[in-house]
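>
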Amino acid sequence: MATTGFTGAAAITAALAMLGPFGMIGGIAFLGVVGIAADGLSKFGLEALPKKLGNRAPSL
742 MATTGFTGAA AITAALAMLG PFGMIGGIAF LGVVGIAADG LSKFGLEALP KKLGNRAPSL
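Pasting the structure below:
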């Protein structure tokens, strides 16, 4: 929010608009997705992520 140059609610609105697509609503959705991903990682640990994804990495 410090990068916006605004204070209060205007700073929050501008920061959310910068985070996600489609303005403030996209920013709120982006925060929700990040929260769900962080919750899953905290439950299963970072070590479980490659096992869960399997061998889906694209070969170069």
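Residues 742 to 801 in the numbering used here are what the sequence shown spells out, letter by letter. C-beta atoms are modelled at their ideal positions from N, C-alpha and C, and glycine is treated no differently. For clarity, every value in this text was computed on a predicted model and none was experimentally measured.
1) Classify T754 as helix, strand or coil using the three-state DSSP reduction.
2) Where A789 and A778 are concerned, what is the direct C-alpha to C-alpha distance, given to the nearest angstrom?
3) What did DSSP end up calling L787 once you bin it into helix, strand or coil?
4) Given a cut-off of 7 angstroms, decide if L760 and G768 are closer than it, judged by their beta-carbon atoms.
5) Sorted by chain position, which residues of the same chain lie with C-beta nearer than 7 angstroms to F771's C-beta, five sequence neighbours on each side aside?
So, from the data block:
1) helix
2) 13 angstroms
3) Look at L787 here: in three-state DSSP terms it is coil, with no helix or strand label.
4) Yes, the Cβ-Cβ distance between G768 and L760 is below 7 angstroms.
5) The beta carbon of F771 sits closer than 7 angstroms to those of L760, G761, all from its chain and outside the five residues before and after it, given in chain order.
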